[in-house]
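K.L.:
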Amino acid sequence: MGPDELGWVRGEIDLTRANPARMYDYFLGGTQNFPVDRELADAAIALRPELPRAARLNRAFLGRAVRYAVDLGLRQFLDLGSGIPTEANVHEVAHAADRRCRIAYVDAEPVAVAHSHRLLAGHPRVSVTQADLRDVSTVLAADGVRAQLDFSQPIALLLVAVLHFLPDEDEPAEVVRRYAERLAPGSLVAISHVTTDNLPPEWRSVAGLYQRSATPIHPRPKADVLAMFGELPLVPPGLVDAVDWLPDRGQPALAVSGFYAGAARKP
Ligand SMILES: C[S@@+](CC[C@H](N)C(=O)[O-])C[C@H]1O[C@@H](n2cnc3c(N)ncnc32)[C@H](O)[C@@H]1O
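Now the structure itself:
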């Protein structure tokens, strides 16, 4: 679906302000974005030309986290802030390993949800829900989530490149805790999060640019991202830059992506 074919969601879309979901789609080479998104994304790229590569490295972490979960024996995925479908979506990676995997996608952004619906229409083991992940009880009670996921069995909870859109007032660590407490033992919680640690000062200006978007971004230091796992023990290699989280051989080189990435297993 191109932006000209949005049909019923058009009235819901704010075309006056750039949207981070659609900017991220643009960074990844997608087509589900508008001039207002591209303008701010290009301004960000002018400050930090490696941004599209950093977005791809975050996306690569998502794929590795899904394969890691499948290797652990997990067959259920709750992907919060799932984004606009692009290459190597969670269900594609999971189904490449085992067709029985079940995936519940959740995103707040109408374009992401509409495009996901369109792509996944009629798919029996995948659902798409439009909801705000901060509304934990609504997400957990949503038809699409309940239809796909059995909370008595382990689930891989994916919070990839989304928690930095929650300001401190929204208590992102507490939001994660509320999901984690509902997960069965053996579940996995995978998080990636934008940081300015180890990055040159230009990155701060990029975060500043996002203040002009519909959802400002909140880069956080390592301790704050670690706190989002609460008491859950991290699996090796712990919380590291996304490029260093169980990297595949031959992955494109960038010394740092600017995303912390990690996963924890519920005992
Ligand atoms: C940068 S994209 C990440 C997409 C995908 N998880 C990935 O890493 O490739 C962030 C997504 O989170 C969504 N998002 C931001 N805040 C959200 C919220 N409070 N509830 C649900 N989705 C949210 C945005 O709409 C966007 O699609």
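Just so you know, we're using the working numbering here: the sequence shown kicks off at 103 and counts up by one.
All C-beta atoms in this analysis are idealised placements derived from N, C-alpha and C, irrespective of residue type, glycine included.
Note that the coordinates shown come from a computational prediction; the quantities given were computed from them, not determined experimentally.
Indicate the three-state DSSP secondary structure (helix, strand or coil) for F361 in the structure shown.
P.N.:
Working through the sequence shown from its first residue, we reach residue 361 at position 259. Of the three classes helix, strand and coil, the one that applies to F361 here is strand, per DSSP.
K.L.:
What residue range is occupied by the uninterrupted alpha helix (DSSP H) comprising Q250?
P.N.:
On the sequence shown, position 148 is the one that residue 250 refers to. Here the alpha helix (DSSP H) through Q250 covers D245 to Q250.
K.L.:
For ligand 1, any of its heavy atoms closer than 6 angstroms to the Cβ of F129?
P.N.:
Sequence index remark: in the sequence shown, residue 129 carries index 27 (1-based). F129: no, Cβ never under 6 angstroms from ligand 1.
K.L.:
Could you tell me the distance, in whole angstroms, from the CA atom of A148 to the CA atom of L130?
P.N.:
Looking up residue 148 in the sequence shown gives position 46. Looking up residue 130 in the sequence shown gives position 28. If you take the alpha carbons of A148 and L130, they lie about 16 angstroms apart.
K.L.:
Which same chain residues end up closer than 6 angstroms to D343 when comparing Cβ atoms and leaving out the 5 residues on each side of it in sequence?
P.N.:
Taking the sequence shown and counting its residues from 1, the one referred to as residue 343 is at position 241. Within the same chain, D343 has close Cβ partners V358 and S359.
K.L.:
Threshold first: 3 residues or longer. Then list the beta strand (DSSP E) segments lying entirely within the stretch 201-285, N to C.
P.N.:
204-209, 228-232 and 258-262
K.L.:
Check whether the stretch 158-172 and the stretch 228-244 are in contact - that is, three or more C-beta pairs closer than 8 angstroms.
P.N.:
no
K.L.:
Report yes or no: do the stretch 269-284 and the stretch 301-311 share at least 3 C-beta pairs separated by less than 8 angstroms?
P.N.:
Because the criterion of three Cβ pairs below 8 angstroms is not met, the stretch 269-284 and the stretch 301-311 do not touch.
K.L.:
Once DSSP output is grouped into helix, strand and coil, what is the label at P287?
P.N.:
Against the sequence shown, residue 287 aligns to sequence position 185. Note: P287 maps to coil in three-state DSSP.
K.L.:
Quick one: give me the first and last residue of the beta strand (DSSP E) that F179 is part of.
P.N.:
Taking the first residue of the sequence shown as position 1, residue 179 is located at position 77. That run of the beta strand (DSSP E) goes Q178 to L182.
K.L.:
Quick check on I147: does DSSP put it in helix, strand or coil?
P.N.:
Counting from one through the sequence shown, the residue named residue 147 turns up at place 45. In the structure shown, I147 sits in a helix (DSSP, three-state: H, G or I).
K.L.:
Quick check: the stretch 318-335 against the stretch 279-298, are at least 3 beta-carbon pairs closer than 8 angstroms?
P.N.:
yes
K.L.:
If we call anything under 7 angstroms between Cβ atoms a contact, is A167 one with A366?
P.N.:
For this step, residue 167 is matched to residue 65 along the sequence shown. For this step, residue 366 is matched to residue 264 along the sequence shown. Result no, Cβ atoms of A167 and A366 do not sit closer than 7 angstroms.
K.L.:
Are the beta-carbon atoms belonging to S229 and I257 less than 7 angstroms from one another?
P.N.:
Counted from its first residue, the sequence shown places residue 229 at position 127. Counted from its first residue, the sequence shown places residue 257 at position 155. Contact flag unset, no.
K.L.:
Should G104 go down as buried or exposed, given a rule of 16 or more other Cβ atoms within 10 Å for buried?
P.N.:
Walking along the sequence shown from the start, residue 104 turns up at place 2. Note on G104: pLDDT 48, under 50, position unreliable in the model; the coordinate value appears next. Looking at its Cβ environment, which holds fewer than 16 other Cβ atoms inside 10 Å, G104 is exposed.
K.L.:
Taking 6 angstroms as the cut-off, does the CB of E276 come closer than this to any heavy atom belonging to ligand 1?
P.N.:
Position 174 of the sequence shown, counted from the start, is the residue given in the question as residue 276. No.
K.L.:
Alpha carbon to alpha carbon, how far is T118 from R351? Give it in angstroms, no decimals.
P.N.:
Here the question's residue 351 lines up with position 249 in the sequence shown. Here the question's residue 118 lines up with position 16 in the sequence shown. Rounded to whole angstroms, R351 to T118 spans 42 angstroms at the Cα level.
K.L.:
Following the continuous alpha helix (DSSP H) through Y170, name the residue where it begins and the one where it ends.
P.N.:
In the sequence shown, residue 170 corresponds to position 68, counting from 1. Run containing Y170: L153 to L174, per the alpha helix (DSSP H) assignment.
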